[in-house]
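Chains as they are written, first to last, in this note's numbering: chain A, 1 to 113; chain B, 1001 to 1112.
Okay, structure first, notes after.
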Amino acid sequence: NAGVMQNPRHLVRRRGQEARLRCSPMKGHSHVYWYRQLPEEGLKFMVYLQKENIIDESGMPKERFSAEFPKEGPSILRIQQVVRGDSAAYFCASSPNSNQPQHFGDGTRLSIL
Amino acid sequence: GQQLNQSPQSMFIQEGEDVSMNCTSSSIFNTWLWYKQDPGEGPVLLIALYKAGELTSNGRLTAQFGITRKDSFLNISASIPSDVGIYFCAGFPSGANSKLTFGKGITLSVRP
């Protein structure tokens, strides 16, 4: 049973470009969560999605950031017009329902030049 | 909102020693989880606890769900170098539609 798959593992972008981060949840999991982690810091919740719906986006910046989890295909975290401060590790997690433990992918490390 | 407190931020132990970490909250939690994160990887679930007083082991790791439901403990016995990493506690606060809440993590270093 494959775990949570994130790609790419590393992504380099120049300021002003767009970054797209993908996450395929574990088989049988329909709940997806995105977190951001800065070096030496903990996990900061960004957004929670269930197939085709955004359930909670309280941790996501209002501008430039968006997330989707379409009926078919992976969940996408999209960052438009990236800035240096967007450099971080972005982790995706999934669970079978909202009150079950979340299982994490290995993250995408985003670097902005 | 609810917060989980983990301290100290870093711990340094000698290989072979036991180590204990705790996680506390000012409010009641229904579920406690312990994760470990190795450098460059995502957090991995170590132990899940669902009932007050529950004591669960996973190899050399033992975790307990505190009786007050406001704390949890993780013990690692006979530490080895590969135990290094960041240990996060997490939990679901009591109440409907509660969101998984994470502590800030404890970085464990093991000296050979």
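Ideal placement from N, C-alpha and C gives every residue a C-beta, glycine not left out.
Fair warning: this is a prediction, and the values are worked out from it, not measured in the lab.
Nothing from the segment 1050-1079 of chain B brings a Cβ to less than 9 Å from some Cβ of chain A. In chain order, Leu1004, Phe1088, Ala1090 place their CB closer than 7 Å to the CB of Phe1102 of chain B, counting only its own chain and leaving out the 5 sequence neighbours on each side.
By the rule that beta-carbons nearer than 8 Å mark a contact, Asn99 of chain A touches chain B. When A:Glu68, A:Val82, A:Ser87 are compared, the shortest CA-CA separation from Trp34 of chain A is found for A:Glu68. The alpha-carbon of His31 of chain A is positioned some 7 Å away from that of Tyr48 of chain A. For Gly1103 of chain B, the chain A residues whose C-beta falls within less than 8 Å of its own C-beta are Gly42, listed in chain order. Here the alpha carbons of Phe104 of chain A and Gln6 of chain A stand approximately 9 Å from one another. Under DSSP, the beta-bridge partners assigned to Tyr33 of chain A are A:Tyr48, A:Ala93. Pairing Ile1086 of chain B with Val1019 of chain B, the inter-Cα distance amounts to about 13 Å. With a threshold of 8 Å between beta carbons, Gln17 of chain A makes no contact with chain B. Within the same chain, and ignoring the five residues on either side of Ser1094 of chain B in sequence, the residues whose Cβ sits closer than 7 Å to its Cβ are Ile1028, Phe1029, Asn1030. Going by DSSP, Glu41 of chain A is part of no beta strand (DSSP E) at all; its letter is neither H nor E. Identification of residues in the segment 55-74 of chain A having a C-beta nearer than 8 Å to some C-beta of chain B yields Asp56, given in sequence order. If you look at Thr1107 of chain B, you'll find it in the beta strand (DSSP E) that goes 1106-1111.
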